[in-house]
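Residue 1 is where the sequence shown starts when you use the UniProt record's numbering, and the numbers rise one by one after that.
Beta carbons: idealized from backbone N, C-alpha and C, even for Gly.
Heads up, the thing below is written out as structure tokens.
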Amino acid sequence: ANAYGHEEDDYTSYVRGVEISYAPDDIDAIFGFRPEEHCTVIQRRTTGHTEEEYVEMLHELALPGKDW
């Protein structure tokens, strides 16, 4: 509508003459998000699981009698 950005993609736009930054760091600061190294979801994804844990997940989630 009434918005335009910079030629270089620096996550900055102007809306009705007001500069708005859509940079990831600025958005994180506004919402109070923690840095990635403190994110438990990312920590869980990067740690991996043991074969025993995968067997337990399969046992809990899979339908009985199905070949996985």
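Quiz item: Is the Cβ-Cβ distance between Glu36 and Ile42 less than 8 Å?
Solution: Taking the first residue of the sequence shown as 1, we reach residue 36 at position 36. Taking the first residue of the sequence shown as 1, we reach residue 42 at position 42. In this structure, Ile42 lies closer than 8 Å to Glu36 by Cβ.
Quiz item: Between Pro64 and Thr46, what straight-line distance do the alpha-carbon atoms span, to the nearest angstrom?
Solution: Residue mapping note: residue 64 aligns to position 64 of the sequence shown, counting from 1. Residue mapping note: residue 46 aligns to position 46 of the sequence shown, counting from 1. Between Pro64 and Thr46, the C-alpha separation is close to 30 Å.
Quiz item: Hey, Gly23 and Tyr11: beta-carbon distance below 8 Å or not?
Solution: As a position in the sequence shown, residue 23 is number 23, starting the count at 1. As a position in the sequence shown, residue 11 is number 11, starting the count at 1. Position check: residue 23 holds Ala in this sequence, whereas Gly was assumed. Against a cut-off of 8 Å, the Cβ pair of Tyr11 and Ala23 comes out as a contact.
Practice problem: Starting from Tyr54, follow the alpha helix (DSSP H) in both directions and report where the run begins and ends. | Solution: Here residue 54 refers to the residue found at position 54 when the sequence shown is read from its first residue. It spans Glu51 to Leu61 - the alpha helix (DSSP H) in which Tyr54 sits, taken as one unbroken run.
Practice problem: Locate the beta strand (DSSP E) running through Glu19, then write down its first and last residues. | Solution: As a working note, residue 19 is residue 19 in the sequence shown. From DSSP, the beta strand (DSSP E) with Glu19 extends over Val18 to Ser21.
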